[in-house]
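Everything on this sheet refers to the single structure shown next.
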């Protein structure tokens, strides 16, 4: 009970002091100068330069060609990110990170970021009662606490009159990440009501899908640690292999189904009171606006009552093993039509069998049959986090199994936003896709079920029966030894 009570207290406290764009970089001066190099308060210098933390430098973007999927140029703020908004940002040195180099790189801790430590993400179904409660209280705290560091853009750079009229809004820590997931996947506004380009997504249906979501989760984890003061916090994962139902849809975890309204969350769950944002893309397109972060209704979920023609069952252990056996990260078209590529099959565009249907990552989104089933607003549902943590662990298994060189990641001709050297939209500070095509060991975290890979990881009936049988055999052998030992004594 203590973590929940602490969270409620902190919600009220932080709201009194409330303050994806760094706040110091949302002023007319910053936007017109196109410079996002805030001062580090620790020494009063830009980017902490006086203390050797970093320096302000020009942003150099890759000029390698993108694929043909997006034929436009100079119409979307995400093109050549982040140059429409900023052409100078902080470049941090050593183990420092952040928009002003005030924080530590992933996997490093301490005042001077000199402590290297590995964190372990655990199976949510194996957490103790207190750890489960702590996780729920932290994300609810994030939902109800205004981000002190970041704001969201409510208009395009053009609508901001090229920076003279900033259009930004405050948002909670949790909803900041919901907005970022919306922004990276939204349609391109071409000018005029409903004049949009839909075949564009800077984080899905191409190579950056896995590195982008890896950084997304790391940043989310990082923000929760700062907010809660618990620097041992890690995102748990939901191992859904061979599941017959939504195992996490209980009031102790992510919320059970409302018995009176099956599309809603049980009133016994804290998530029943959550309001969603960024779930009305057609409305935004018609009005030529961006999601403003305003509440748009309750969180919806009705697991299992989905369109069966889109997916028939949750992914199996065999599905995961098939995907892990695919050697090529990307193939041919480098997009959602890539045949037998690890990334595309794991993302779920192509079923790992002869049938053409959604599976793996996409299957879970469809199965939830609600807010999580629409790409742009899917991060509203907290199941998104534990689902993507498990997807990230499968990515990690593949990296360890095949040990691909960085050259396996496409340097050019991927859809816009997905080339190796492209900066991930809409993150500031900047992260390049190819820099996160590497093992979690280099990023300071691990998955509990990968610590001892010799232990079977499936949760099928066969796996459980095998373990039970092994225990019975061990007990039998020990009892037999004890029996003969007693005979010798007498």
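Numbering (the working numbering), first residue to last: 48 to 537.
We put the CB at the ideal spot given by N, CA and C, even for glycine.
As the structure is a computational prediction, the values presented were derived from the model and not from experiment.
Residue closest to residue i, alpha-carbon to alpha-carbon, out of the options
{"i": "residue 356", "options": "317, 393 and 406", "result": "406"}
{"i": "residue 172", "options": "299, 84 and 89", "result": "299"}
{"i": "residue 426", "options": "153, 376, 388 and 348", "result": "348"}
{"i": "residue 477", "options": "342, 395 and 147", "result": "147"}
{"i": "residue 340", "options": "381, 198 and 408", "result": "198"}
{"i": "residue 395", "options": "256, 326 and 118", "result": "256"}
{"i": "residue 292", "options": "281, 271, 437 and 304", "result": "304"}
{"i": "residue 422", "options": "270, 436 and 247", "result": "247"}
{"i": "residue 285", "options": "495, 203 and 416", "result": "495"}
{"i": "residue 29", "options": "380, 183 and 95", "result": "With the chain running from 48 to 537 in the structure shown, residue 29 is simply not present."}
{"i": "residue 135", "options": "373, 486 and 77", "result": "77"}
{"i": "residue 235", "options": "431, 455, 116 and 122", "result": "122"}
{"i": "residue 222", "options": "450, 463, 428 and 462", "result": "428"}
{"i": "residue 462", "options": "342, 88, 384 and 237", "result": "384"}
Rounded separation between residue i and residue j - CA only
{"i": "residue 105", "j": "residue 296", "result": "47 Å"}
{"i": "residue 157", "j": "residue 150", "result": "9 Å"}
{"i": "residue 410", "j": "residue 351", "result": "11 Å"}
{"i": "residue 132", "j": "residue 323", "result": "27 Å"}
{"i": "residue 387", "j": "residue 375", "result": "8 Å"}
{"i": "residue 210", "j": "residue 466", "result": "28 Å"}
{"i": "residue 447", "j": "residue 433", "result": "21 Å"}
{"i": "residue 327", "j": "residue 268", "result": "27 Å"}
{"i": "residue 392", "j": "residue 90", "result": "48 Å"}
{"i": "residue 102", "j": "residue 371", "result": "41 Å"}
{"i": "residue 244", "j": "residue 331", "result": "13 Å"}
{"i": "residue 185", "j": "residue 453", "result": "36 Å"}
{"i": "residue 153", "j": "residue 166", "result": "10 Å"}
{"i": "residue 187", "j": "residue 317", "result": "8 Å"}
{"i": "residue 68", "j": "residue 218", "result": "11 Å"}
{"i": "residue 159", "j": "residue 141", "result": "10 Å"}
{"i": "residue 506", "j": "residue 107", "result": "Here residue 506 scores only 43 on pLDDT, less than 50, and its place in the model should not be relied on; the value that follows carries that caveat. C-alpha separation (whole angstroms): 47 Å."}
{"i": "residue 310", "j": "residue 155", "result": "42 Å"}
{"i": "residue 250", "j": "residue 266", "result": "15 Å"}
{"i": "residue 435", "j": "residue 74", "result": "34 Å"}
{"i": "residue 13", "j": "residue 329", "result": "The shown model of the chain, from 48 to 537, leaves out residue 13, and the question about it has no answer."}
{"i": "residue 502", "j": "residue 368", "result": "The pLDDT assigned to residue 502 is 45, lower than 50, so where the model puts this residue is not dependable; a value taken from the coordinates is nonetheless given after this. Going from the Cα of residue 502 to the Cα of residue 368 covers about 15 Å."}
{"i": "residue 120", "j": "residue 162", "result": "44 Å"}
{"i": "residue 174", "j": "residue 412", "result": "23 Å"}
{"i": "residue 458", "j": "residue 270", "result": "30 Å"}
{"i": "residue 377", "j": "residue 455", "result": "8 Å"}
{"i": "residue 418", "j": "residue 232", "result": "15 Å"}
{"i": "residue 164", "j": "residue 325", "result": "36 Å"}
{"i": "residue 314", "j": "residue 344", "result": "15 Å"}
{"i": "residue 431", "j": "residue 259", "result": "14 Å"}
Enclosing beta strand (DSSP E) for residue i [first to last residue]
{"i": "residue 135", "result": "135-139"}
{"i": "residue 166", "result": "166-168"}
{"i": "residue 198", "result": "197-200"}
{"i": "residue 20", "result": "The structure shown does not extend to residue 20, since the chain is modelled only from 48 to 537, so the question has no answer here."}
{"i": "residue 493", "result": "492-494"}
Where the alpha helix (DSSP H) through residue i begins and ends
{"i": "residue 227", "result": "220-232"}
{"i": "residue 351", "result": "Taken as a continuous stretch (DSSP letters only), residue 351 belongs to no alpha helix (DSSP H), as it is neither H nor E."}
{"i": "residue 258", "result": "256-275"}
{"i": "residue 446", "result": "430-449"}
{"i": "residue 176", "result": "176-190"}
Secondary structure of residue i, DSSP reduced to three states
{"i": "residue 105", "result": "strand"}
{"i": "residue 331", "result": "helix"}
{"i": "residue 459", "result": "coil"}
{"i": "residue 67", "result": "coil"}
{"i": "residue 94", "result": "coil"}
{"i": "residue 345", "result": "strand"}
{"i": "residue 321", "result": "coil"}
{"i": "residue 280", "result": "coil"}
{"i": "residue 244", "result": "strand"}
{"i": "residue 370", "result": "helix"}
{"i": "residue 84", "result": "coil"}
{"i": "residue 252", "result": "coil"}
{"i": "residue 308", "result": "coil"}
{"i": "residue 315", "result": "coil"}
{"i": "residue 72", "result": "helix"}
{"i": "residue 394", "result": "helix"}
C-beta neighbour in chain D for residue i, strict 7 Å
{"i": "residue 206", "result": "The chain labelled as chain D is not found in the depicted structure, where only one protein chain is given."}
Check whether the region 362-376 touches the region 223-236, taking contact to mean three or more Cβ pairs, one atom from each stretch, closer than 8 Å. no
Touching or not, the region 439-457 and the region 327-343, by the rule of three or more beta carbon pairs under 8 Å? no
Given 8 Å, three or more beta-carbon pairs between the region 270-280 and the region 482-495: no
Under 8 Å: do the region 187-201 and the region 283-297 share three or more Cβ pairs, one atom per stretch? no
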